[in-house]
Structures are given as structure tokens and as C-alpha cells.
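Residue numbers (this note's numbering): 2 to 103.
Shown next as C-alpha cells:
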């Protein structure tokens, strides 16, 4: 189990995550790719990391656009796992050429 992060910890760590923001008890970001297969590739890359971490994101896809929402459901808020997964999503997005939109 991971402990909930304080407001200050969340804000400090979000400075290193361009395009990510806090929305209540979640972290959120959105990315655009140039093709639908690009979105699928991004999801596949993140799925591998999420499985290794045993920490799974919520996401919604609309053609070449994907919205990510992260929260540690067992803790009812944001933990270090969410920050780590956000970094991994950002890295995977860069690898597939996705651009942050929020």
C-alpha cells in the first residue's frame, strides 16, 4: 500500500509533469496522436508498465485523443504510484510522438 500524498507533495511533483494537473483526488492529462493506431500503441506501452506496477489508469479514447485519469482507489486519493505512472505515461507518449493537450 502507498500512503496519500500531501497537497504540497502533489504540487511539487506536478512541476515535473508538464500537462498533468490535479482534479480533486485524481491526476489528469490528455494527449493527441496523429493516428488511431498511435493511441493504441500508447495504451499498449502504458499497459505493460501498469501491469508491472500493479497500478492501472482510467482512460477514455476518442479517435486520436486520449484522456488519462490516475488515482489510487484503495487509498481514495493520490499516492506516489500515481506520480510514477504519470511519468511513465509521459515517457510512453514521447516515444510514440503524442502531444500533451492539457
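Quick reminder that beta carbons are idealized off the backbone N, C-alpha and C, glycines included.
Keep in mind the model is a prediction, meaning the values are calculated, not measured.
Helix, strand or coil for residue i? Go by DSSP, reduced to three states.
i, result
"residue 87", "helix"
"residue 17", "coil"
"residue 99", "coil"
"residue 6", "coil"
Can you check which of these residues, the options, is closest to residue i by C-alpha distance?
i, options, result
"residue 73", "66, 56, 97 and 88", "56"
"residue 7", "17, 26 and 19", "26"
"residue 103", "42, 21, 66 and 14", "21"
"residue 78", "68, 23, 31 and 50", "23"
"residue 50", "37, 68, 15 and 90", "90"
"residue 92", "45, 9 and 36", "45"
"residue 14", "47, 85 and 35", "85"
"residue 54", "83, 37, 28 and 12", "83"
"residue 35", "12, 28 and 67", "67"
Measure the beta-carbon distance from residue i to residue j and round it to whole angstroms, keeping in mind my assumption that it falls under 8 Å.
i, j, result
"residue 4", "residue 80", "6 Å"
"residue 65", "residue 42", "At roughly 11 Å, the Cβ-Cβ gap does not stay under 8 Å, so residue 65 and residue 42 are not in contact."
"residue 47", "residue 62", "Incorrect: roughly 12 Å between the Cβ atoms, too far for contact."
From which residue to which residue does the beta strand (DSSP E) around residue i run?
i, result
"residue 46", "Looking at the DSSP string, residue 46 is not in any beta strand (DSSP E); the run it does join, the alpha helix (DSSP H), is 37 to 54."
"residue 28", "27 to 33"
"residue 66", "66 to 71"
"residue 63", "59 to 63"
"residue 22", "22 to 24"
Following a CB-centred definition, is residue i positioned closer than 7 Å to any heavy atom of the ligand NAP?
i, result
"residue 79", "Only the bare structure without any ligand can be found here, which leaves the ligand NAP out of the picture."
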